[in-house]
Amino acid sequence: MSTKGNLTREEAVEIVGENAVTKVESINCEPTGRVGYNGMSQGDDLCEWCASTTVVDPDGEVRSLRVYYYTTNEEDETMEEAEGDGSVIDWQICGYEVV
(Lines of atoms letter the chains of each structure in order from A and count residues from 1; the text may use other names and numbers.)
(Lines give C-alpha, C1' and ligand atoms only; values in the text may rest on other atoms or scores of the structure.)
Protein backbone atom coordinates (compact mmCIF):
# COMPACT_ATOMS: atom_id res chain seq x y z
CA MET A 1 0.00 0.00 0.00
CA SER A 2 1.27 3.45 -0.80
CA THR A 3 0.48 6.19 1.66
CA LYS A 4 -0.86 9.61 0.75
CA GLY A 5 0.07 12.96 2.17
CA ASN A 6 3.63 13.51 1.02
CA LEU A 7 3.93 17.04 2.46
CA THR A 8 5.36 17.75 5.89
CA ARG A 9 3.57 20.11 8.25
CA GLU A 10 6.11 22.83 7.48
CA GLU A 11 5.56 22.45 3.72
CA ALA A 12 1.78 22.63 4.17
CA VAL A 13 2.16 25.78 6.28
CA GLU A 14 4.26 27.36 3.52
CA ILE A 15 1.53 26.65 0.97
CA VAL A 16 -1.68 27.48 2.89
CA GLY A 17 -0.61 29.07 6.18
CA GLU A 18 -0.50 28.12 9.85
CA ASN A 19 -4.20 28.82 10.51
CA ALA A 20 -5.37 26.40 7.82
CA VAL A 21 -3.02 23.65 9.01
CA THR A 22 -4.08 24.11 12.64
CA LYS A 23 -7.72 24.01 11.53
CA VAL A 24 -7.41 20.73 9.60
CA GLU A 25 -5.52 19.15 12.50
CA SER A 26 -8.53 19.84 14.76
CA ILE A 27 -11.08 18.17 12.46
CA ASN A 28 -12.15 14.60 13.19
CA CYS A 29 -10.83 12.21 10.57
CA GLU A 30 -12.79 9.48 8.80
CA PRO A 31 -11.69 6.29 7.05
CA THR A 32 -11.07 6.99 3.38
CA GLY A 33 -12.19 3.62 2.03
CA ARG A 34 -9.00 3.53 -0.06
CA VAL A 35 -7.78 1.10 2.55
CA GLY A 36 -10.75 -0.54 4.27
CA TYR A 37 -12.22 0.63 7.56
CA ASN A 38 -10.52 -2.31 9.16
CA GLY A 39 -7.32 -2.98 7.22
CA MET A 40 -7.12 -6.54 8.49
CA SER A 41 -10.45 -7.47 6.85
CA GLN A 42 -8.97 -6.56 3.46
CA GLY A 43 -5.55 -8.07 4.06
CA ASP A 44 -3.93 -4.69 4.70
CA ASP A 45 -1.58 -3.83 7.56
CA LEU A 46 -2.90 -0.28 7.88
CA CYS A 47 -6.14 1.67 7.66
CA GLU A 48 -6.10 5.13 6.05
CA TRP A 49 -7.92 8.04 7.68
CA CYS A 50 -8.26 11.62 6.42
CA ALA A 51 -9.57 14.99 7.54
CA SER A 52 -9.92 17.89 5.12
CA THR A 53 -10.91 21.51 4.88
CA THR A 54 -11.30 24.05 2.10
CA VAL A 55 -8.61 26.74 1.97
CA VAL A 56 -7.58 29.61 -0.28
CA ASP A 57 -3.94 29.52 -1.34
CA PRO A 58 -1.77 32.66 -1.74
CA ASP A 59 -2.78 32.87 -5.43
CA GLY A 60 -6.45 33.06 -4.47
CA GLU A 61 -7.20 29.50 -5.63
CA VAL A 62 -9.68 27.44 -3.63
CA ARG A 63 -7.97 24.20 -2.62
CA SER A 64 -8.50 21.27 -0.33
CA LEU A 65 -6.07 20.72 2.54
CA ARG A 66 -5.98 17.12 3.73
CA VAL A 67 -4.21 15.48 6.63
CA TYR A 68 -3.65 11.70 6.67
CA TYR A 69 -3.40 9.23 9.51
CA TYR A 70 -2.75 5.48 9.36
CA THR A 71 -3.82 3.06 12.06
CA THR A 72 -2.54 -0.45 12.55
CA ASN A 73 -4.84 -3.45 12.82
CA GLU A 74 -4.08 -3.55 16.54
CA GLU A 75 -5.16 0.08 16.93
CA ASP A 76 -8.33 -0.66 14.96
CA GLU A 77 -9.07 -3.57 17.31
CA THR A 78 -8.46 -1.36 20.36
CA MET A 79 -10.96 1.20 19.04
CA GLU A 80 -13.48 -1.55 18.26
CA GLU A 81 -13.16 -2.92 21.79
CA ALA A 82 -13.82 0.63 23.06
CA GLU A 83 -17.05 0.78 21.01
CA GLY A 84 -15.50 2.98 18.33
CA ASP A 85 -13.90 5.47 20.69
CA GLY A 86 -10.91 6.84 18.78
CA SER A 87 -9.53 8.57 21.86
CA VAL A 88 -8.15 5.25 23.12
CA ILE A 89 -5.25 5.37 20.64
CA ASP A 90 -2.48 7.90 20.00
CA TRP A 91 -3.22 9.43 16.58
CA GLN A 92 -0.10 10.39 14.62
CA ILE A 93 -0.24 12.59 11.52
CA CYS A 94 1.54 10.91 8.63
CA GLY A 95 1.38 13.69 6.06
CA TYR A 96 -0.47 16.55 4.42
CA GLU A 97 -1.76 17.13 0.90
CA VAL A 98 -2.97 20.25 -0.88
CA VAL A 99 -5.13 19.57 -3.95
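This note's numbering numbers the first residue of the sequence shown as -7 and each following residue consecutively. Note that the Cβ used here is the ideal one computed from N, Cα and C, for glycine as well. It should be emphasised that the depicted structure is a prediction, and the values quoted were computed from it without experimental measurement.
For residue i, name the three-state secondary structure that DSSP assigns.
{"i": "Arg55", "result": "strand"}
{"i": "Ile85", "result": "strand"}
{"i": "Glu75", "result": "coil"}
{"i": "Val91", "result": "coil"}
{"i": "Thr0", "result": "coil"}
Going by CA-CA distance only, name the one from the options that's closest to residue i.
{"i": "Glu53", "options": "Ile7, Glu2, Lys(-4) and Asn(-2)", "result": "Ile7"}
{"i": "Glu67", "options": "Val59, Tyr60 and Asp77", "result": "Asp77"}
{"i": "Asp49", "options": "Gly9, Arg58, Glu72 and Val16", "result": "Gly9"}
{"i": "Tyr88", "options": "Ser18, Tyr61 and Arg26", "result": "Tyr61"}
{"i": "Asn65", "options": "Val59, Ile81, Ala4 and Leu57", "result": "Ile81"}
{"i": "Ala12", "options": "Asp37, Leu57 and Thr70", "result": "Leu57"}
Give the DSSP bridge partners of residue i, in chain order.
{"i": "Pro23", "result": "Trp41"}
{"i": "Val47", "result": "Arg55"}
{"i": "Thr70", "result": "DSSP output for Thr70 lists no bridge partner at all."}
{"i": "Thr116", "result": "The chain is shown only over -7 to 91; residue 116 falls outside these bounds and no answer can be derived."}
Quick check: the stretch 9 to 29 against the stretch 41 to 60, are there 3 or more CB pairs under 8 angstroms?
yes
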